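Protein chains in written order, with the working numbering: chain A, 1 to 256; chain B, 257 to 473.
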């Protein structure tokens, strides 16, 4: 199992009596794209946030490329340097321009020179289609543009793993596509990714593996076809039924 | 009216010295109270209970005592142990008094920055200090500028209390002249004008700073 980029064993997370993650084993291979789906409150985001230590496990362990995550400043910082994270609310730094958002961490953490960081930042902004927004402040960017800057910001640290926490959930529907496109490109380039999302089409097209979480356990996992078309667990089937009902609602809304 | 203008003009040299002392006292107070306020804040948000308790007790005591009582305790109390001049005692007292409010202002600034900002910075591998310096601090500072200006204005006006422990600042100057000339109305009006002008200049400056930050959206 040396091929595992992420290795989570017996992960348990509880807030008081509330068990959010119940002894989860979860692995992500190098270059794999794993998509976490499931009803809200299932623990998807919590599991994702445990991978870079934003949430602390109550019990169990997380390893990135065999390096154990410890809840100490030094270990956390070292793991996080290698793990990029993209948030639902973008969380760009509003007092910095798009380029400054991207160049900050490489200069502060990786000790890159301002020139190196800037060259790389400009290249990254180009790759997400925002070459003309280098000096724009986040407040002047659309949600989709902000999220693309946020992805570029994470990539500036040369991560070997990218975590996406519902990256399109806060976006207007017409802006979702541009963000998914950037993520798809990233997957094609071989980036290891863990994505929490409600975008089933993205899961179907990009995921190597779909993981269905429900009530703090992995109810089902496998290829997109296996999980989304032929679920075997009762939880999987009920989630699928719920999804189909939602899809139907959306179609009806569109037809109005 | 002419009498008033004459009084104003002829008292300018005397008041200038008082004004300089007031500005120096206020400047030192602001410097030390920001410094002290940040220390108190650091204790207050520290993970050690004892330090939290020390900060809370300090804030409760300082906010619970009238400024004039605090100055008297320091001046007449400390003078009996070690010799300090009135100006030093006033600086210490005013700084302590103001630091409680500074700590509160900085705390509100920090808590105004969304948690997602810290999470984003920390996710990039930035340590706590770098996150504070480059991400949370600058955003908190923008939020607290109006409150800081307000506190500076209060500190300027509060410095007049130093007159009661014989610091030769603006207000004591006006008291001396009023007593010597038997014209309290004239000279207390004049000294009020001095305060008003300085506060006006500070306010204009503050608006400039705020607008500078607003531009960046």
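No residue lacks a Cβ here, since even glycine has one placed at the ideal position from N, Cα and C. The model shown is predicted, which means the values in this text are computed figures rather than measured ones.
The beta carbon of residue 109(A) lies closer than 8 Å to those of 77, 81 and 157 in the same chain, with the five residues before and after it left out. Per the coordinates, the alpha-carbon of residue 469(B) lies some 15 Å from the alpha-carbon of residue 392(B). DSSP places residue 424(B) in the coil class of the three-state scheme, outside both helix and strand.
For residue 18(A), the beta-bridge partners assigned by DSSP are 15(A). In the three-state DSSP reduction, residue 321(B) falls in the coil class, being neither helix nor strand. A distance below 8 Å separates the beta carbons of residue 274(B) and residue 424(B). Relative to the Cα of residue 421(B), the nearest Cα in the group 300(B), 335(B), 398(B) and 369(B) belongs to 335(B). Counting C-beta atoms within 10 angstroms of its own C-beta, residue 407(B) has 16 or more neighbours from the protein chains shown and is therefore classed as buried. With a threshold of 8 Å between beta carbons, residue 303(B) makes no contact with chain A. A distance below 7 Å between beta-carbons, with the five flanking residues on each side excluded, links residue 243(A) to the following residues of its chain, in chain order: 200. Within the same chain, Cβ atoms closer than 6 Å to the Cβ of residue 7(A) are found at 27 and 63, the five residues on either side in sequence being excluded. By the Cβ test, the region 245-253 of chain A is not in contact with the region 354-373 of chain B, since fewer than three Cβ pairs between them sit closer than 8 Å. Note: residue 102(A) is not bridge-paired with any residue in the DSSP secondary-structure output. Under the DSSP definition of a beta bridge, residue 53(A) lacks any partner. Around the CB of residue 190(A), fewer than 16 other CB atoms lie within 10 Å, so the residue is classed as exposed. Residue-level contact by beta carbon fails for residue 63(A) and chain B, as no gap is shorter than 8 Å.
In terms of Cβ geometry, residue 133(A) and residue 125(A) form a close pair [threshold 8 Å].
Setting aside the 5 residues that flank it on each side, residue 366(B) is surrounded in the same chain by 297, 301, 392 and 396, each with a C-beta closer than 8 Å to its C-beta; the list follows chain order. Residues of the same chain with a CB within less than 6 Å of the CB of residue 443(B), apart from the 5 flanking positions on each side, are 430, 433 and 434 in chain order. By the rule that beta-carbons nearer than 8 Å mark a contact, residue 15(A) does not touch chain B. The beta carbon of residue 402(B) does not come within 8 Å of any beta carbon belonging to chain A, so the residue lies off that interface. In terms of Cβ geometry, residue 145(A) and residue 167(A) do not form a close pair [threshold 8 Å].
Counting only runs of 4+ residues, the alpha helix (DSSP H) found wholly inside the region 340-381 of chain B occupies 342-368 and 371-379, in chain order.
Residue environment: residue 209(A) is assigned as buried (16 or more neighbouring CB atoms within 10 Å of its CB, all protein chains considered). Here residue 139(A) is exposed. Its C-beta has fewer than 16 other C-beta atoms within 10 Å. For residue 448(B), the nearest beta carbon of chain A is not closer than 8 Å to its own beta carbon. In terms of Cα proximity to residue 315(B), the closest of 292(B), 348(B), 456(B) and 331(B) is 292(B). Taking the CA atoms as reference points, residue 117(A) sits about 18 Å from residue 160(A). By the neighbour-count criterion, in which a residue is buried when 16 or more other Cβ atoms sit within 10 angstroms of its Cβ, residue 306(B) is exposed.
Across the structure, residue 176(A) and residue 184(A) are spaced so that their CA atoms are roughly 12 Å apart. Beta-bridge analysis with DSSP links residue 116(A) to no other residue.
For residue 147(A), there are no neighbours in chain B by C-beta distance under 8 Å, as the nearest C-beta there is about 12 Å away.
Distance between residue 99(A) and residue 344(B), taken at the CA atoms: about 48 Å. Contact annotation: in the region 294-322 of chain B, no residue has its CB less than 8 Å from a CB in chain A.
Counting only residues of its own chain and dropping the five nearest sequence neighbours on each side, residue 265(B) has no CB closer than 6 Å to any other CB. Contact between the region 339-356 of chain B and the region 373-387 of chain B is not established, with fewer than three Cβ pairs separated by less than 8 Å.
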